[in-house]
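For reference, the structure is listed below as structure tokens.
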Amino acid sequence: MEIRTRFAPSPTGYMHIGNLRTALYEYLIAKSKGGKFILRIEDTDQGRLVEGATDVIYNTLKITGLHHDEGPDVGGDYGPYIQSQRMGMYLQYALDLVEKGQAYYCFCTKERLEGLKTSNQKGDAFARYDRHCLSLSKEEIQANLDAKIPYVIRQKMPTEGTTTFHDVVYGDITVDNSELDDQILIKADGFPTYNFANVVDDHLMQITHVVRGSEYLSSTPKYNLLYDAFGWDAPTYVHLPPVMRDAQHKLSKRHGDKSFEDLLEEGYLTEAIVNYIALLGWSPSDNTEIFSLKELEEKFDISGLSKSPSIFDIKKLTWMNSKYLEAMDFDKFYSLAEPRLRSAIKNTSLDLKKIATLIQKRLETLNDIPRLVDFFDTLPDYSTELYIHKKMKTTEEIALSSLEACVPVLEQLPQWEETSIHDAMMNLVAELGIKNGQLLWPIRTALSGEPTSPGGAIELADILGKEESLRRIHIGIEKLKQLQ
Ligand code: GLU
1230 MEIRTRFAPS
1240 PTGYMHIGNL
1250 RTALYEYLIA
1260 KSKGGKFILR
1270 IEDTDQGRLV
1280 EGATDVIYNT
1290 LKITGLHHDE
1300 GPDVGGDYGP
1310 YIQSQRMGMY
1320 LQYALDLVEK
1330 GQAYYCFCTK
1340 ERLEGLKTSN
1350 QKGDAFARYD
1360 RHCLSLSKEE
1370 IQANLDAKIP
1380 YVIRQKMPTE
1390 GTTTFHDVVY
1400 GDITVDNSEL
1410 DDQILIKADG
1420 FPTYNFANVV
1430 DDHLMQITHV
1440 VRGSEYLSST
1450 PKYNLLYDAF
1460 GWDAPTYVHL
1470 PPVMRDAQHK
1480 LSKRHGDKSF
1490 EDLLEEGYLT
1500 EAIVNYIALL
1510 GWSPSDNTEI
1520 FSLKELEEKF
1530 DISGLSKSPS
1540 IFDIKKLTWM
1550 NSKYLEAMDF
1560 DKFYSLAEPR
1570 LRSAIKNTSL
1580 DLKKIATLIQ
1590 KRLETLNDIP
1600 RLVDFFDTLP
1610 DYSTELYIHK
1620 KMKTTEEIAL
1630 SSLEACVPVL
1640 EQLPQWEETS
1650 IHDAMMNLVA
1660 ELGIKNGQLL
1670 WPIRTALSGE
1680 PTSPGGAIEL
1690 ADILGKEESL
1700 RRIHIGIEKL
1710 KQLQ
């Protein structure tokens, strides 16, 4: 049988990390077995609709490479794939259940139902429906329908025994049927409840695996009983434990945790985020950590899913991100870095590609770029203490004499390029009888004004150019002279 999974998001306007993980696992379950991955938009809660929210979903799937085989934007044989466009289909299925004796009309008024709540001994908001309408005769029902009395259709739950379903992650789960409410399938406005639409859609779309958050575990017995009532095969259930901020709290956008879009804005790479998210609840048999999506498609196995909640560790993601940046093909890296370099460096005469080469292996996120390259644009004010470096064996006095010595050499250089600067500096080191660092560290410091910099003296001089390099060296000399 072909594996068919579906991602069924309710459009909220952003992509939760947990939702993206669900989408990824749905995708991987399908793709690792040559199956189909389907996108269905569950937008029937009109009160929660947010403008542009479906575009966020399309866009996320597109940039993460989780291409869906069927969906509202790509079509397919089981459409429409937007739930609000399927509204006309559900009533007939509910009526079919009424016919089978698995569901029934309920004409109870709001007032009566409210009364049930207050008479409920526990006094809590939830009270099970007392099945008042289950005993209506055929004639009474017909009379009510003829009189156009508003009604809902309820599922007739078993009152005795237990219902057990198997979940791939959580194992067998059993509930007492006596705890189950005769849930509404069709509301008074003729539209289906969310649970009912979800089950009918999954069946009609021939979904074989349902992956979703563990918050749906408690509803699943009801879903399962619906499949039974119809005589349909239930899908394989894969409920995922929540992604946590820490040991106690779930990740929550409302409490300031980051969405997928937030992470992108903070300079994380799509590939690194997808890789990291894959490991939030799943581990491969060999403990590898870095995977491309293609590799995940090959390696993913449902048996590697875990039921212990995983903590979203931004440090781990940051580490992974730096690994992806480091390994990235330079042209791709440059295309991502260039806009950030341009906004940080206004001086258009600087070679941004050379700067990009220097920083690629020093970044944790793309947003580190401005901080690392600012000094190319404007020399920061700095303390002469930066010239003192134990390992380089430099003092402020040594720095001053090295900077003064390099000025005429650099001024006379006929060609300003890395090799000639390098050779000239090495000759000077030999001539002065000092260590490399005693010349190069002061120059690096004068050129950057920073305690550390991407690139050393020679690379920085090459990029900054002769005039600017000498200007900065003179500034250094002046600063150091003031100490005397
Ligand atoms: N629309 C639901 C959600 O966004 C999905 C439920 C399901 O996958 O069955 O949480």
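The sequence shown lines up with residues 1230 to 1713 when you count with my numbering.
C-beta atoms are modelled at their ideal positions from N, C-alpha and C, and glycine is treated no differently.
These numbers were taken from a predicted model, which means no experiment stands behind them.
{"query": "Under the rule that 16 or more other beta-carbon atoms within 10 Å means buried, what is Ser1612, buried or exposed?", "result": "exposed"}
{"query": "Alpha carbon to alpha carbon, how far is Lys1590 from Glu1408? Give it in angstroms, no decimals.", "result": "58 Å"}
{"query": "Any heavy atom of the ligand GLU closer than 7 Å to the Cβ of Pro1190?", "result": "This structure gives no information on residue 1190, because the portion of the chain shown stretches from 1230 to 1713."}
{"query": "Check whether the Cβ of Asn1373 sits closer than 7 Å to any heavy atom of the ligand GLU, and report yes or no.", "result": "no"}
{"query": "Go ahead and label Asn1576 buried or exposed: buried means 16 or more other beta carbons lie within 10 angstroms of its beta carbon, across all protein chains shown.", "result": "exposed"}
{"query": "Identify the residues that DSSP records as bridge partners of Trp1511: which are they?", "result": "Leu1534"}
{"query": "Consult DSSP for Ile1598 and reduce its assignment to one of helix, strand or coil.", "result": "helix"}
{"query": "Assign Met1386 to one of two classes, buried (16 or more other C-beta atoms within 10 Å of its C-beta) or exposed (fewer than that).", "result": "buried"}
{"query": "Examine the ligand GLU and report whether any of its heavy atoms sits within less than 7 Å of the Cβ of Glu1271.", "result": "yes"}
{"query": "Nearest-angstrom Cα distance between Tyr1399 and Leu1480?", "result": "20 Å"}
{"query": "Taking DSSP as the reference, what is the three-state secondary structure of His1432?", "result": "helix"}
{"query": "How should Leu1433 be labelled, buried or exposed, when 16 other C-beta atoms within 10 angstroms of its C-beta is the threshold for buried?", "result": "exposed"}
{"query": "As a quick exercise: from Val1404, Asn1406 and Phe1425, pick the residue whose alpha carbon is nearest that of Leu1414.", "result": "Phe1425"}
{"query": "Taking DSSP as the reference, what is the three-state secondary structure of Ala1354?", "result": "Residue placement at Ala1354 cannot be trusted, given a pLDDT of 48 that sits under 50; the coordinates are not used to answer."}
{"query": "Let me know if Met1621 comes out buried or exposed under the rule of 16 or more other beta-carbons within 10 Å of its beta-carbon.", "result": "buried"}
{"query": "Let me know the secondary structure DSSP gives Ser1364 once reduced to three states.", "result": "helix"}
{"query": "Report the rounded CA-to-CA distance for Leu1446 versus Thr1393, giving the unit in angstroms.", "result": "12 Å"}
{"query": "Can you tell me whether DSSP reads Asp1284 as helix, strand or coil?", "result": "helix"}
{"query": "Sort Thr1465, His1703 and Ile1370 by Cα distance to Asp1401 and report the nearest one.", "result": "Thr1465"}
{"query": "Within the chosen definition, does the region 1649-1664 reach the region 1601-1618 through at least 3 CB pairs nearer than 8 Å?", "result": "no"}
{"query": "Where Trp1645 and Glu1688 are concerned, what is the direct C-alpha to C-alpha distance, given to the nearest angstrom?", "result": "11 Å"}
{"query": "Can you find a heavy atom of the ligand GLU that lies under 7 Å from the Cβ of Leu1406?", "result": "A small fix is needed here, since residue 1406 is Asn in this sequence, not Leu. For the ligand GLU, not one heavy atom lies less than 7 Å from the Cβ of Asn1406."}
{"query": "Three Cβ pairs or more, each shorter than 8 Å: is that satisfied between the region 1666-1675 and the region 1577-1589?", "result": "no"}
{"query": "Closer than 7 Å to a non-hydrogen atom of the ligand GLU - does that hold for the CB of Val1439?", "result": "yes"}
{"query": "Applying the criterion that 16 or more other CB atoms from any shown protein chain within 10 Å of the CB defines a buried residue, is Glu1660 buried or exposed?", "result": "exposed"}
{"query": "Hey, could you find the ends of the beta strand (DSSP E) Ala1634 is sitting in?", "result": "Not the beta strand (DSSP E): Ala1634 falls in the alpha helix (DSSP H), residues Glu1625 to Glu1640."}
{"query": "Taking 7 Å as the cut-off, is the beta-carbon of Asn1427 closer than that to any non-hydrogen atom of the ligand GLU?", "result": "yes"}
{"query": "Give a single yes or no on whether Tyr1445 has its beta carbon closer than 7 Å to a heavy atom of the ligand GLU.", "result": "yes"}
{"query": "Which of the three DSSP states, helix, strand or coil, is assigned to Asp1652?", "result": "helix"}
{"query": "Could I get the ranges of all uninterrupted alpha helix (DSSP H) runs contained in the region 1560-1610, with 4 residues as the minimum, in chain order?", "result": "1581-1588 and 1598-1606"}
{"query": "Which stretch, first to last residue, makes up the beta strand (DSSP E) that contains Gln1384?", "result": "Val1381 to Gln1384"}
{"query": "What three-state label does DSSP hand His1478 in the structure shown?", "result": "coil"}
{"query": "Can you tell me whether Pro1387 is helix, strand or coil according to DSSP?", "result": "coil"}
{"query": "Going along the chain, which unbroken runs of the alpha helix (DSSP H) with 4 or more residues stay wholly within the region 1239-1277?", "result": "1246-1260"}
{"query": "For Asp1542, name the three-state secondary structure that DSSP assigns.", "result": "coil"}
{"query": "Check whether the Cβ atoms of Thr1723 and Gly1666 sit closer than 8 Å, and answer yes or no.", "result": "The structure shown does not extend to residue 1723, since the chain is modelled only from 1230 through 1713, so no value can be given for it."}
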